[in-house]
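In numbering that gives the first Met the number 0, the protein residues as written are 0 to 654.
What follows is one structure encoded as structure tokens, with my remarks underneath.
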Amino acid sequence: MISVNRLSVQFGGSDLFDDVSFLVNSRDRIGLTGKNGAGKSTMLKILAKEQNPTEGEVAIQNDCTLGYLPQEMHLRLGKTVFDETETAFVEAKDLEKKIEHYNEQLGIRTDYESDSYSDLIVKMNDANERYNLIGGYTMQSDIELVLFGLGFERSDLTRLTDEFSGGWRMRIELAKILLQKPSVMLLDEPTNHLDIESIQWLEDFLKNYYGAVVLVSHDRAFLDNITTRTIEISLGKIYDYKANYSKYVQLRAERREQQQAAFANQEKYIEHTEMLINKFRAKASKASMAQSLIKKLDKIDRIEVDEEDNATLRFKFPPAPRSGKVLVEAENIAKRYGEKTIFSKVDFMIEREERIAFVGKNGEGKSTLSKIIAGVETYEGKMTIGYNVKIGYFAQNQAEILDGEKTVFQTIDDVAEGDVRKNVRSLLGSFLFGGDAVDKKVKVLSGGEKNRLALCKLLLQPYNLLIMDEPTNHLDMRSKEMLKSALMKYDGTLIVVSHDRDFLQGLTDKVYEFRNGNIKTHIGDLQAFLASRKIQNLAQLEVKAAANGADKKEKEKEKFESKHEQEEKKKLEKELKHAQAAVQKNEKEIERLEQLIKEMDDNLLDPEFYSEALKDATVFERYNELKKNLEREMEVWDRHQNALEKLQLSVGNLT
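Here it is in structure tokens:
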């Protein structure tokens, strides 16, 4: 459906992509992965024809349609949620007008036997068929289905889009793309503004979608549940694996280990051969042998080990200034948008060096309370900020607040003061903006790079109260780890809003749970909170909150398996034993072959054995045959292992 041929992209004299090629096939489920700034968003833009490459081409089939969700977009205002979503049906609306026109013509014309009347009937039938095919007759129900799946309530459908945050408006744009049903969906971080329920709904939608999906996400579980193919972008190259993200990580590590082992063996062989060449050159009788060895070395395909980008964030927050014991005290706080009450009658006190996690479903007010404490949102009630409190606030849309026309350097230099100004370049280097990257305009940065730049701004002055609202959005796995490490060492008071359990675990010592318009305080870290709620993770918290009003009978599990399930389980367990035996058999054969190859490698390091081997062609034939057999057994093992994992999953689902 899409063919990428020898694609190259240069920015500021350096290569973002260098001569990369791949195909997007029908029903592909591709996860684009890589570090922030590696070029994932740029690749999506190129596939969507939103940006041109420096070299190469992207060929798209004539009948292929594209749906592209960027990380950032300019959203239109002034329409209701339903009306804005309905704009996805541009073709259907045009067909409605045509069908209405054809009906009018058929109603007033009487030349029933004429060719033009027959043509009109044909056009009418064609329009009706197309209208039905693209969902014209189910338009309203489809719109509601998708909007409800993405977290909107019925009462939201008649509200103006102006009343919603950027994250909710992004959901509307996502809904429009899903409803357009393109041949290929290109989705850049679609889960950033979704809660767990909406993510699970989107997973089901995309898994069953008839077209192809190419997506960028740093949500490991989301990638694993949807994708069957992973394309990693690293240092200008791509690595294509027919596996989901977790499997790809394993295969990538194994591939590098194999490359390094093969590279080391080849280097030993080359070193030994060069030693023999130098030895034989000194003797006239051995000159022809030396030339023969030189030719063999020239013909060797030199093994290359895939480069690995190990650059990482290096920073720490400045020491927090001393504040009073109580930083924030709130009494009877409430927040309403028109007739909608987000929360009310909220009382709390935040003391020095407390570390608080805000958790709960989207829409319950976590970000709203963050804004209220930061002083950027109005409210009802009384709130007192304590003595010498200096608040640093990282908003969900922090990246959008940055001035796109400024360079990376100007963004920091313009607000830096005192001695910090002398070290702006060094500070930016800690956030992976080195060399020419500091001269890039903010508007060309990826979402992850903008987040890093926004984090960098937080270091320009010391704060004793940090409020971080979804700070890990757009950040790659390694950057998340470094941010958490820096926050763990921060000596001030911390408030974090996040759905990411791994990020929150161990980071906070108190939890504010937002539920049903109220806020409940739990003492202890996230693990203690989950234990008190008798749930395993934040996903269960959100699903549990949604299921509170459901029929209890529907939530109860069956106490006994049905006869059919028992039979199915026995059958699968039998197949599982066969699969395990096949894998074990392969592993033993692989061990045997590896041992034989190792023995031959050791023998070939012996100059005397090597000299004899050169006279006996069967030695190297045997050596090459062993390597081919090993490669063949590894492929067989991979197939058997995949089959085993599927069976283990099936058995687990029946348990």
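Where is the CB? At the ideal position from N, CA and C, for every residue including glycine.
Quantities reported herein were computed from a predicted structural model and do not represent experimental measurements.
- Burial check for G38: the Cβ neighbour count within 10 Å reaches 16 or more, so the residue is buried.
- By the Cβ neighbour-count rule, M274 is exposed, with fewer than 16 other Cβ atoms within 10 Å of its own.
- DSSP places M467 in the strand class (E or B) of the three-state scheme.
- Linking I232 to Q257 through their CA atoms gives a straight-line distance of about 20 Å.
- One alpha carbon belongs to I98, the other to A126, and they sit about 7 Å apart.
- Taking I176 as reference, the option from D490, Y386 and L146 with the minimal CA-CA separation is L146.
- Taking C-beta atoms as the reference points, I371 and K334 count as a pair closer than 8 Å.
- Measuring C-alpha to C-alpha distances from E266 to each of N277, D300, K241 and R280 identifies D300 as the nearest.
- Inside the stretch 329-388, DSSP marks whole beta strand (DSSP E) runs of 3 or more residues at positions 339-350, 354-359 and 379-384, from first to last along the chain.
- Between V437 and D402, the C-beta gap is not smaller than 8 Å, which leaves the two residues out of contact.
- Bounds of the beta strand (DSSP E) holding G391 are I390 to F393.
- Nearest to F16 by alpha-carbon distance, out of F528, G165, T53 and Y116, is T53.
- If you draw a 10 Å sphere on the C-beta of H192, you find 16 or more other C-beta atoms in it, and that means buried.
- For the options D605, R168, L458 and G135, the alpha carbon positioned closest to that of K389 is the one of L458.
- K324 and E353 have their C-alpha atoms some 10 Å from each other.
- In the DSSP secondary-structure assignment, A58 is bridged to S2.
- Excluding the 5 residues flanking it on each side, E588 has same chain C-beta neighbours closer than 6 Å at E632, in chain order.
- E71 carries a coil assignment under DSSP once its states are collapsed to helix, strand and coil.
- When the alpha-carbon of N515 is set against those of R108, D601 and V358, the nearest one is in V358.
- Taking E103 as reference, the option from A91, F88, L119 and D14 with the minimal CA-CA separation is L119.
- In the structure shown, I596 falls within a helical segment according to DSSP collapsed to helix, strand and coil.
- Residue pairing of M184 in beta bridges, as defined by DSSP: G66 and V212.
- The C-beta separation of L464 from T507 comes to about 14 Å, leaving the pair out of contact by the 8 Å criterion.
- Cβ neighbours of W200 within its own chain (closer than 6 Å, five residues either side excluded): G148.
- Straight-line measurement puts the Cα of K519 at about 27 Å from the Cα of S154.
- In this structure, the straight-line span from the alpha carbon of H577 to that of V635 is close to 15 Å.
- In this structure L178 touches A87 by the C-beta definition: roughly 4 Å separates them, less than 8 Å.
- Membership of F147 in the alpha helix (DSSP H) is indicated by the continuous run M138 to G148.
- Looking at the DSSP output, I411 shares a beta bridge with no other residue.
- Remark: C-beta atoms of F81 and T157 approach each other more closely than 8 Å.
- By the neighbour-count criterion, in which 16 or more other beta carbons inside 10 Å mark a residue as buried, Q50 falls on the exposed side.
- Annotation for Y622: M599 place their beta carbon closer than 6 Å to its own, counting only its chain and skipping 5 residues before and after.
- Per DSSP, the continuous beta strand (DSSP E) segment holding D14 begins and ends at S13 to V23.
- Under DSSP, N517 takes part in a beta bridge, and its partners are R514.
- Under the DSSP assignment, K236 falls in the beta strand (DSSP E) whose first and last residues are K236 to Y240.
- Here T229 really is in contact with A242; their C-beta atoms are around 6 Å apart, less than 8 Å.
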